[in-house]
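These notes are about the structure you will find just below.
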Ligand SMILES: [Ca+2]
Ligand SMILES: [Ca+2]
Ligand SMILES: [Ca+2]
């Protein structure tokens, strides 16, 4: 009887663990999302978006400073010593210059962490419409040419599974 109780407890603990704390293998958990970062992968902005979509994810939407600090930590771990590195986020201002929107939701970018002089896109001269972390500025933000090859971070909501509890 006691053993059955322990077994039942373990099964419930495992089930709850799968519901509340699981990210897919290789993804890192923060708050209510899972994040994927591969320091070897470099693509342009739209290719990066498509690669994330292939994981049922999207290029990271950085909505507040806690998430910003988390993502900076994730990328500086992988790219700490690489000079000239930059890492895409999922926002652009290609519809209205100067108005950055998160791709997929069209929510305006409210929290920002711009590097010195950024954003500095000049339409027709220096067309920079995609949002990136800039390694040489300690991962402050910049607008950048969407056709450049950069690293990227994917985000997806933590899987709430289809497990019904209770
Ligand atoms: Ca987010
Ligand atoms: Ca722009
Ligand atoms: Ca720029």
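Residue numbers (our numbering): 21 to 186. Note that CB positions come from ideal geometry on N, CA and C, so glycine has one too.
Nearest residue (CA-CA) to residue i, options the options
i           : options           : result
residue 102 : 163, 161, 47, 154 : 154
residue 79  : 179, 172, 178     : 172
residue 111 : 59, 158, 68       : 68
residue 143 : 115, 152, 177     : 115
residue 83  : 60, 133, 99, 149  : 133
residue 139 : 170, 108, 86, 118 : 118
Check: residue i C-beta below 8 Å from any heavy atom of ligand 2
i           : result
residue 139 : yes
residue 149 : yes
Closer than 8 Å: residue i CB and nearest ligand 1 heavy atom
i           : result
residue 87  : yes
residue 68  : no
residue 117 : no
residue 82  : yes
residue 127 : no
Unbroken alpha helix (DSSP H) run spanning residue i, endpoints
i           : result
residue 92  : 85-99
residue 191 : The structure shown does not extend to residue 191, since the chain spans only 21 to 186, so no value can be given for it.
Residue i Cβ short of 8 Å to ligand 3 heavy atom set
i           : result
residue 146 : yes
residue 153 : no
residue 105 : no
residue 162 : yes
Residue burial classification, residue i (beta-carbon count within 10 angstroms, cutoff 16)
i           : result
residue 88  : buried
residue 130 : exposed
residue 38  : Here residue 38 scores only 48 on pLDDT, less than 50, and its place in the model should not be relied on; the value that follows carries that caveat. Under this definition residue 38 is an exposed residue.
residue 177 : exposed
residue 148 : buried
residue 186 : With a pLDDT of only 44 at residue 186, under 50, the local geometry of the prediction cannot be trusted, and no value is derived from it.
residue 126 : exposed
Any non-hydrogen atom of ligand 4 closer than 8 Å to residue i Cβ
i          : result
residue 53 : Ligand 4 is absent from the structure shown, which contains only ligand 1, ligand 2 and ligand 3.
Start and end residues, beta strand (DSSP E) containing residue i
i           : result
residue 138 : Counting along the chain, residue 138 falls outside any beta strand (DSSP E), and DSSP gives it neither H nor E.
residue 152 : 150-154
residue 120 : No beta strand (DSSP E) contains residue 120, which DSSP labels as neither H nor E.
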